[in-house]
Every structure is written in C-alpha cells, then in structure tokens.
Amino acid sequence: MTVVLTAEQIEELATFSKEDGQPQYTITTATIPEFEADDGKVIPEYTGLVAYSDSLEHGVLQLEQ
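The sequence shown maps to residues 24 to 88 in this note's numbering.
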C-alpha cells in the first residue's frame with residue numbers, strides 16, 4: 024500500500040508529534056465513528072487517513088485531504 028501525504032498533512036503531523044510527544048506514529052486508513060466530546064460537542068464520523076501512536080493516553084490525528 025502506498026500512502027501519499029501533501030505538504031500540509033506533513034506539517035500537521037509534525038505539529039501533532041511535537042505536541043503529542045510520542046517517538047513514532049502509524050499512518051493508516053480508518054473510520055472513526057461519530058462521538059460526543061467531553062465538552063458536549065458532537066464530532067462527526069471520519070473516514071480517511073489517520074496517524075496514531077501506540078499509547079492509549081495520546082490522540083489520533085485525522086489527516087484530512
């Protein structure tokens with residue numbers, strides 16, 4: 024499988040990794056179901072590229088195109 028990232032997505036991933044502080048990330052395709060955030064905001068379903076670390080304590084970056 025080939026994954027192509029735009030310059031903007033690479034910049035987003037670089038910023039995310041600096042803030043998240045994990046040593047490595049996996050990039051894959053996924054579907055994240057709609058959910059309600061802690062502040063009550065409804066986050067819509069997302070299907071596409073994501074980046075995540077092995078840590079359950081850290082976030083998932085949606086690499087929107």
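Just so it is clear, CB atoms sit at the ideal spot from N, CA and C, and this is done for glycine as well.
E87 to L72 span [Cα, whole Å]: CA-to-CA, the gap between E87 and L72 works out to about 7 Å.
Nearest neighbour of S78, chosen from T54, D43 and T70 [CA to CA]: D43
Backbone CA spacing between Y175 and T49 [nearest angstrom]: Residue coverage of the chain in this structure runs from 24 to 88, which leaves residue 175 outside it and unanswerable.
Reduced DSSP category for Q32 - H, G, I as helix; E, B as strand; rest coil: Helix.
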